[in-house]
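So the structure is just underneath, and the comments pick up after that.
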Ligand code: NAP
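Residue numbers (my numbering): 2 to 503.
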């Protein structure tokens with residue numbers, strides 16, 4: 002399929018802004034935030050009028066910072082002919098400043114630094130790339146030194162709490178200093194091109210809307226599979242697990258986008274109102290029926306991509322009951338979705354890295370081909386939305402097999418591969434989200450009530466799960482066998498994502 006030339010520019014211009022990355026020397030800043038700015042710089046969206054300040058207790062020299070950042074910018078540097086020169090030019094926009102948000106040391110210096118280099122008229126964006134335990138102290142410090150001005154914006158990201166009470170405490174700390182309209186809570190899944198495309202698919206095409214309900218849809222599956230294990234995040238992960246780390250935020254947000262009603266306008270609060278309605282319509286999971294609705298697992302030894310992989314406990318170095326896999330069956334109690342199960346699952350050390358949404362439509366109510374059809378002609382229509390990798394959409398239809406062998410039906414696919422269609426690099430989610438903060442567009446960010454509604458729903462499930470022992474599954478599989486129980490009473494089962502060799 003060919004892309005039709007668009008009248009829109011590739012990247013809309015954005016007014017120059019100033020970003021202060023608190024925790025600007027850490028892993029998140031180096032791996033995600035600065036490379037995203039650099040890609041936007043290469044595209045011309047970030048101009049020489051932007052400024053970036055990395056603040057931390059020990060910053061080192063700028064040369065040391067550049068040496069640490071460079072490996073994460075290699076792909077971007079290699080993506081254009083004058084990449085080296087562009088990287089050197091981009092780094093002229095970056096300054097370092099020492100700051101300890103715990104003691105307040107360096108706060109006045111940061112204020113002086115910003116006053117000297119940055120004018121009042123443009124947004125100053127404070128990105129908290131630090132532990133949430135320091136969010137409150139950071140906000141108070143910014144306020145104390147006079148940096149919380151009408152043009153100030155705040156960016157935070159997960160983990161926004163460990164449960165509803167701690168999430169409320171964090172939200173209260175942020176909102177005591179910043180207005181809700183100035184707070185940008187990142188769920189980076191919402192910045193993914195395919196996730197945004199889900200909204201385009203649903204709300205820019207008329208053919209799906211009339212089918213997008215319990216009359217036509219049998220069930221929906223969402224799988225977010227990771228092939229990696231702990232990756233050095235043991236102290237964090239072993240307190241969170243899959244239910245808190247992935248389901249409460251990323252997968253809940255995907256459920257919202259699949260299930261929400263069309264907002265009147267594609268406008269931040271309208272989109273967020275609709276997502277909130279979905280969260281509030283989720284049927285609470287009765288702890289007595291937990292095993293019908295929730296399966297948790299933990300990876301044991303196995304092989305991932307042909308390489309031997311240790312068990313979670315071996316990686317961790319101690320026994321643990323934490324869930325590295327969780328699968329949940331949900332129901333949304335409204336007119337559109339009554340009776341349609343949503344099956345969602347995520348896990349670490351799974352057979353491959355892939356995220357996809359599978360919408361399975363109901364089988365035809367009467368089969369005029371019953372006598373001639375092969376069994377595969379009996380499959381239902383499916384829409385598969387691949388979020389990563391090999392982003393795209395596949396619509397499974399039933400066709401007639403060519404040739405004179407009678408009316409033989411077989412499944413075939415309409416395949417929209419974004420790579421083939423758009424022939425362009427899909428930007429990382431952070432690129433889109435960081436530019437949206439500068440634009441002042443909150444559509445792809447979570448409002449505090451959404452975060453709270455997701456925790457309110459998840460809290461009892463997480464509490465009940467803590468009483469269960471996770472089922473061990475081999476690393477390199479798609480999780481514990483028991484997850485199939487969630488489909489009891491139906492003919493469906495989990496559908497494993499299939500990807501071409503990357
Ligand atoms: P990290 O590598 O440990 O970096 C933490 C940063 O914060 C460092 O720059 C550190 O520098 C600075 N810092 C620590 N205490 C400070 C203080 N009192 N005052 C000022 N700066 C301080 O952690 P990270 O992986 O980047 O993660 C940061 C946050 O983002 C965490 O909440 C994490 O859960 C979240 N997150 C991370 C990722 C990721 O991919 N890494 C993804 C999603 C969310 P100094 O020690 O020199 O002060």
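We put the CB at the ideal spot given by N, CA and C, even for glycine.
By the CB criterion at 7 Å, residue 361 and residue 220 fall inside the cutoff. At a cut-off of 6 Å, the beta-carbon of residue 131 counts as near ligand 1: some heavy atom of the ligand is closer than that. Judged by DSSP secondary structure, residue 57 falls within the beta strand (DSSP E) whose first and last residues are 52-57. Shortest Cα-Cα distance from residue 345 to any of 38, 445 and 249 involves 249. Where residue 220 is concerned, the enclosing beta strand (DSSP E) starts and stops at 218-226. Here DSSP, grouped into helix, strand and coil, assigns residue 367 to coil. At the C-beta level, residue 157 and residue 186 come within 7 Å of one another. With a threshold of 6 Å, the Cβ atom of residue 100 counts as near ligand 1, since some heavy atom of the ligand is closer than that. Our two residues, residue 72 and residue 336, have alpha carbons roughly 51 Å apart in a direct line.
The count of Cβ pairs closer than 8 Å, one atom from the region 395-414 and one from the region 148-156, stays below three, leaving the stretches out of contact.
Runs of the beta strand (DSSP E) spanning 3 or more residues and lying entirely within the region 262-309 occur at 295-305, in chain order. Taken in chain order, the unbroken stretches of alpha helix (DSSP H) that lie wholly in the region 100-156 and span 4 residues or more are 108-118 and 136-145. In the DSSP assignment, residue 354 is bridged to no other residue. By the Cβ test, the region 38-57 is not in contact with the region 141-151, since fewer than three Cβ pairs between them sit closer than 8 Å. With three or more CB-CB distances shorter than 8 Å, the region 295-309 counts as touching the region 462-471.
For residue 33, the three-state secondary structure derived from DSSP is helix. In this structure residue 357 is in contact with residue 224, their Cβ atoms being roughly 6 Å apart against a cut-off of 8 Å. When the five nearest sequence neighbours on each side are left out, the beta carbons in the same chain lying within less than 6 Å of the beta carbon of residue 433 are those of 192, in order along the chain.
Separation of residue 491 and residue 327 (C-alpha to C-alpha, rounded to the nearest whole angstrom) is 20 Å.
Taking one beta carbon from each stretch, the region 48-55 and the region 90-110 have 3 or more pairs nearer than 8 Å; the two touch.
In this structure, residue 88 places its C-beta atom within 7 Å of the C-beta atom of residue 78. In this structure, the CA atom of residue 483 is about 11 Å from the CA atom of residue 494.
With fewer than 16 other Cβ atoms inside 10 Å of its own Cβ, residue 205 counts as exposed.
Relative to ligand 1, the beta carbon of residue 26 is positioned inside 6 Å of a heavy atom.
When 140, 436 and 331 are compared, the shortest CA-CA separation from residue 104 is found for 140. With a threshold of 6 Å, the Cβ atom of residue 334 does not count as near ligand 1, since no heavy atom of the ligand is closer than that. Segment contact: the region 13-33 against the region 121-130, three or more CB-CB distances shorter than 8 Å; contact assigned. Considering only 178, 380, 197 and 19, the residue with the shortest C-alpha distance to residue 272 is 197. A check of alpha carbon separations from residue 452 across 208, 308, 17 and 251 identifies 251 as the nearest. Sequence-distant Cβ neighbours of residue 449 in its own chain, meaning closer than 6 Å and more than five residues away, are 172. The criterion of a C-beta distance shorter than 7 Å is satisfied by residue 288 and residue 465. A check of alpha carbon separations from residue 454 across 240, 29 and 274 identifies 274 as the nearest. In the three-state reduction of the DSSP assignment, residue 209 falls in the helix class, which pools H, G and I. The three-state secondary structure of residue 315, taken from DSSP, is helix. With a 10 Å radius around the Cβ and a threshold of 16 neighbouring Cβ atoms, residue 389 comes out buried.
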